[in-house]
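These protein sequences, in sequence, are chains E and Z.
If you read the first sequence in the numbering used here, its first letter stands for residue 2, the second for the next number, and so on.
If you read the second sequence in the numbering used here, its first letter stands for residue 52, the second for the next number, and so on.
Cβ atoms here follow ideal geometry from the backbone N, Cα and C, with glycine treated the same way.
Written below as structure tokens is the structure these notes are about.
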Amino acid sequence: MRYAAPTTTDEALELLRSDPDSQVFAGATDLIPQIRAGRPEPSLLVDLKRIERLVAVSRVNGAWTVGAATPTSALTANAEFSSTFPGLSEASGLIGSDQIQNRSSWGGNLCNASPAADSVPALIVNDARAVIACASGERTADVADIVTGPGETSLADGEFIIEFLLDNPPAGASDAYLRLIPRTEMDIAVVGAAVQLRLDGDSVASAKVALGAVAPTVVRVPAAEAALVGSTLDDAALAAAAAAASAACNPIDDKRGTIQYRRQVAGVLTRRAAQIAAQRAAEHPTAEQQEQGAN
Amino acid sequence: MPRTHALRTQVQCTVNGDEVDFLCADEASLLNALRDELGLTGVKEGCGTGDCGACTILVDGKVNCACLMFAPEAEGSSILTVEGIAQGDELHPLQQTFLEGAALQCGVCTPGFLVAAKALLDDNSDPTETEIRYALAGNLCRCTGYDKIIRAVQEAAVQLNGASK
Chain E
2 MRYAAPTTTD EALELLRSDP DSQVFAGATD LIPQIRAGRP EPSLLVDLKR
52 IERLVAVSRV NGAWTVGAAT PTSALTANAE FSSTFPGLSE ASGLIGSDQI
102 QNRSSWGGNL CNASPAADSV PALIVNDARA VIACASGERT ADVADIVTGP
152 GETSLADGEF IIEFLLDNPP AGASDAYLRL IPRTEMDIAV VGAAVQLRLD
202 GDSVASAKVA LGAVAPTVVR VPAAEAALVG STLDDAALAA AAAAASAACN
252 PIDDKRGTIQ YRRQVAGVLT RRAAQIAAQR AAEHPTAEQQ EQGAN
Chain Z
52 MPRTHALRTQ VQCTVNGDEV DFLCADEASL LNALRDELGL TGVKEGCGTG
102 DCGACTILVD GKVNCACLMF APEAEGSSIL TVEGIAQGDE LHPLQQTFLE
152 GAALQCGVCT PGFLVAAKAL LDDNSDPTET EIRYALAGNL CRCTGYDKII
202 RAVQEAAVQL NGASK
């Protein structure tokens with residue numbers, strides 16, 4: 002394997018064009034173990050971390066731009082980011098140990114395309130978009146449209162994600178992410194559930210629910226969302242949302258959990274994440290409201 | 052066809068305060084470069100997949116698994132290994148409390164624990180037990196059952212705080 006560390010996206014695209022057997026990476030926390038486990042070695046490793054845009058985080062008014070190779074530890078340590086997107090921050094902080102956190106990134110977590118990637122359900126309920134470097138320059142796609150199956154993405158050969166775009170949640174909205182693992186740290190999700198809710202008074206004005214590790218890709222659950230909207234998160238609404246989440250699962254049996262267990266847990270986590278998101282939406286003003294308050 | 056490992060790349064970085072440069076194969080892990088090119092065998096290979104933390108080093112002040120880095124990535128960075136923790140012949144308080152508290156048995160995980168614990172105390176001089184346990188969750192020890200390690204870190208924090216007052 003040869004190693005290259007381009008400093009511009011154009012240089013990276015050129016390297017990828019020059020060698021069809023090349024592989025981009027950020028933290029390599031998945032790539033190196035996969036190679037050690039027998040995945041064929043690429044002939045060219047393209048390290049994206051020396052490209053400034055790939056590791057930059059900025060907010061302009063309510064619009065965030067997060068470099069695809071930014072270490073997740075930099076996001077969880079960013080107080081403004083974490084208070085604006087508490088669920089997405091939690092999900093990002095659950096990817097491995099502190100050692101891994103200093104290397105893991107949204108771009109890697111997404112493009113590794115594990116069904117259990119923790120950041121992905123939380124990115125999806127926040128309507129995150131990915132800016133992709135491609136032959137014609139750049140294109141933008143919804144994060145929800147990137148992963149097509151385990152280990153498979155919609156990115157063409159030679160394409161890579163430059164950065165993610167996120168808007169501040171609307172007034173009265175917040176998010177939560179819960180995952181179940183068999184220990185308290187350092188494991189892969191049996192189920193992950195992300196919920197974003199917007200409240201209007203006591204009732205739910207809009208809802209987004211996304212589940213990880215229960216199907217070949219992260220699944221949005223429109224039926225659970227519909228069950229929550231218009232409700233006051235009463236028991237009946239929560240029970241209906243949980244049932245819809247369980248029904249949306251298409252999981253596998255493995256050492257971490259059976260199909261039946263994953264279905265059950267998906268419902269429980271959806272219910273609990275909805276309650277946490279609603280509590281946050283009620284308690285924490287959004288950045289937009291804070292700015293209005295300051296004026 | 053066997054892959055050639057003949058490609059040699061020159062890497063310049065700072066290791067334990069010294070400017071160094073070394074040659075490595077592009078695909079070499081930083082772990083292997085530190086051990087084989089620089090003789091820093093305190094960096095241990097446990098799992099080789101980022102699970103056990105035995106190869107924990109600081110890269111620009113942040114804990115990393117040396118097994119999960121390609122050696123050329125170290126270009127321009129500042130690295131600390133367990134060999135750089137003591138001040139000359141004077142052990143770091145963590146090294147002293149690990150010794151005194153018998154916070155090790157076979158010793159293979161110890162360099163990684165010392166580096167990870169140093170990173171914690173550099174960042175948070177008075178951590179709670181819970182904070183210590185989370186900060187060391189990426190380091191596995193199959194001998195001690197962890198309790199003596201936690202106590203040693205707590206004792207080192209007390210000593211470091213006493214010294215700074």
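Counterpart residues of residue i in DSSP-defined beta bridges
| i | result |
| --- | --- |
| E:W107 | DSSP, once it has assigned bridges, lists no residue as partnering E:W107. |
| E:G173 | DSSP output for E:G173 lists no bridge partner at all. |
| E:S59 | E:T66 |
| Z:T179 | DSSP lists no partner for Z:T179. |
| E:D48 | E:F26 |
| E:C112 | Answer by DSSP bridge pairing: none, since E:C112 is not bridged. |
| Z:S129 | Z:T65 |
| Z:G138 | In the sequence as presented, Gly is not what sits at residue 138 of chain Z; that position holds Gln. Z:Q138 is bridged to Z:E141. |
| E:G138 | E:C135 |
| Z:Y185 | Partner(s): none; Z:Y185 has no beta bridge. |
| E:T154 | E:V148 |
| Z:C75 | Z:T60 |
N- and C-terminal bounds of the beta strand (DSSP E) containing residue i
| i | result |
| --- | --- |
| Z:K113 | 113–116 |
| E:A64 | 64–68 |
| Z:I201 | Premise fails: Z:I201 lies in the alpha helix (DSSP H), 198–215, not in any beta strand (DSSP E). |
| Z:K169 | From DSSP, Z:K169 is part of no beta strand (DSSP E) but of the alpha helix (DSSP H) over 161–174. |
| E:L166 | 161–168 |
| E:V126 | Run containing E:V126: none in the beta strand (DSSP E); it sits in the alpha helix (DSSP H), 120–126. |
| E:Q197 | 192–201 |
| E:G258 | From DSSP, E:G258 is part of no beta strand (DSSP E); its letter is neither H nor E. |
| E:S204 | 204–213 |
| Z:I108 | 107–110 |
| E:A5 | 3–5 |
Candidates the options: closest to residue i by CA position
| i | options | result |
| --- | --- | --- |
| Z:D87 | Z:C75, Z:R59, Z:G97 | Z:C75 |
| E:A70 | E:L49, E:N79, E:N62 | E:L49 |
| Z:A122 | Z:R184, Z:E206, Z:A208, Z:F73 | Z:F73 |
| E:Q265 | E:T218, E:A214, E:A279 | E:A214 |
| E:P151 | E:R60, E:G231, E:V220 | E:V220 |
| E:P116 | E:R130, E:E139, E:E153 | E:E153 |
| Z:D102 | E:I33, E:P223, E:E139, E:P43 | E:I33 |
| E:V222 | E:D236, E:A246, E:S106 | E:A246 |
| Z:L191 | Z:E96, Z:A84, Z:G90 | Z:E96 |
| Z:G93 | Z:I136, Z:D77, Z:Q63 | Z:I136 |
| E:L61 | E:D128, E:L14, E:N169 | The residue you asked about is not Leu; residue 61 of chain E is Val in the sequence shown. Closest option to E:V61, Cα to Cα, is E:N169. |
| E:S59 | E:F165, E:D236, E:A238, E:G159 | E:F165 |
| Z:L150 | Z:G139, Z:Q138, Z:L165 | Z:L165 |
| E:L181 | E:A267, E:L45, E:G159 | E:A267 |
| E:A228 | E:A157, E:A243, E:S84 | E:A243 |
| Z:G189 | Z:T107, Z:G196, Z:N83, Z:L82 | Z:T107 |
| E:L14 | E:P171, E:A195, E:C135, E:R263 | E:C135 |
| Z:G163 | Z:V209, Z:A105, Z:N83 | Z:A105 |
| E:A208 | E:F161, E:S74, E:N113, E:A274 | E:A274 |
| Z:Y185 | E:D99, E:S84, E:A118 | E:D99 |
| E:N110 | E:A27, E:A249, E:E12, E:S155 | E:A27 |
| E:R140 | E:N127, E:R263, E:L156, E:T149 | E:L156 |
Opening and closing residue of the alpha helix (DSSP H) in which residue i lies
| i | result |
| --- | --- |
| Z:L91 | Premise fails: Z:L91 is in no alpha helix (DSSP H) and is neither H nor E. |
| E:L89 | 87–94 |
| E:G150 | Note, E:G150: premise wrong, no alpha helix (DSSP H); beta strand (DSSP E) at 148–150. |
| E:I33 | 32–37 |
| E:L76 | 73–77 |
| E:T10 | 10–19 |
| E:D99 | 99–102 |
| E:L239 | 236–249 |
| E:P223 | 223–229 |
contact_flag[the stretch 172–179 of chain Z, the stretch 115–132 of chain Z] where n(CB pairs < 8 Å) is 3 or more
no
Under 8 Å, CB to CB, which of the residues in the stretch 106–117 of chain Z have a partner in chain E?
T107, V110, K113, V114, N115, C116
Count Cβ pairs between the stretch 57–69 of chain Z and the stretch 132–142 of chain Z that sit closer than 8 Å; are there 3 or more?
yes
Would the stretch 197–215 of chain E count as touching the stretch 165–181 of chain E if we require 3 or more Cβ pairs under 8 Å?
By the C-beta criterion, the stretch 197–215 of chain E is judged to be in contact with the stretch 165–181 of chain E, since at least 3 inter-stretch pairs fall below 8 Å.
Scan the stretch 122–133 of chain Z for residues whose Cβ lies nearer than 9 Å to a Cβ of chain E and list them as they occur along the chain.
A122, P123, E124, E126
Scan the stretch 170–198 of chain E for residues whose Cβ lies nearer than 7 Å to a Cβ of chain Z and list them as they occur along the chain.
E186, M187
Three-pair Cβ contact test at 8 Å for the stretch 54–65 of chain E versus the stretch 17–25 of chain E:
As far as the Cβ criterion goes, the stretch 54–65 of chain E does not touch the stretch 17–25 of chain E, which means the pair count is below three.
Residues, ordered as in the chain, of the stretch 86–101 of chain Z that lie near chain E by beta-carbon distance below 8 Å:
Under the 8 Å Cβ criterion, the stretch 86–101 of chain Z contributes G99, T100, G101.
Can you find at least 3 beta carbon pairs, one from the stretch 181–195 of chain E and one from the stretch 104–113 of chain E, that sit closer than 8 Å?
no
Can at least three beta-carbon pairs, one atom from the stretch 138–148 of chain Z and one from the stretch 194–213 of chain Z, be found at a separation below 8 Å?
yes
If you measure beta-carbon to beta-carbon, which residues of the stretch 168–194 of chain Z are closer than 7 Å to chain C?
You won't find chain C in this structure, because its protein chains are E and Z.
Determine, using beta-carbon pairs with one atom in the stretch 160–173 of chain Z and one in the stretch 102–119 of chain Z, whether at least three such pairs fall under 8 Å.
yes
Residues of the stretch 130–157 of chain Z with a CB closer than 9 Å to any CB of chain E: list them in chain order, please.
Listed by position, the residues of the stretch 130–157 of chain Z near chain E (Cβ gap below 9 Å) amount to none.
Closer than 7 Å, Cβ to Cβ, to anything on chain E: give me those residues from the stretch 55–80 of chain Z, in chain order.
L58, T60, D77, E78
Given a limit of 9 Å on CB to CB distance, which residues of the stretch 98–119 of chain E reach chain Z?
S98, D99, Q100, I101, Q102, N103, R104
According to a CB-to-CB cut-off of less than 8 Å, which residues of the stretch 7–32 of chain E neighbour chain Z?
G28, A29, T30
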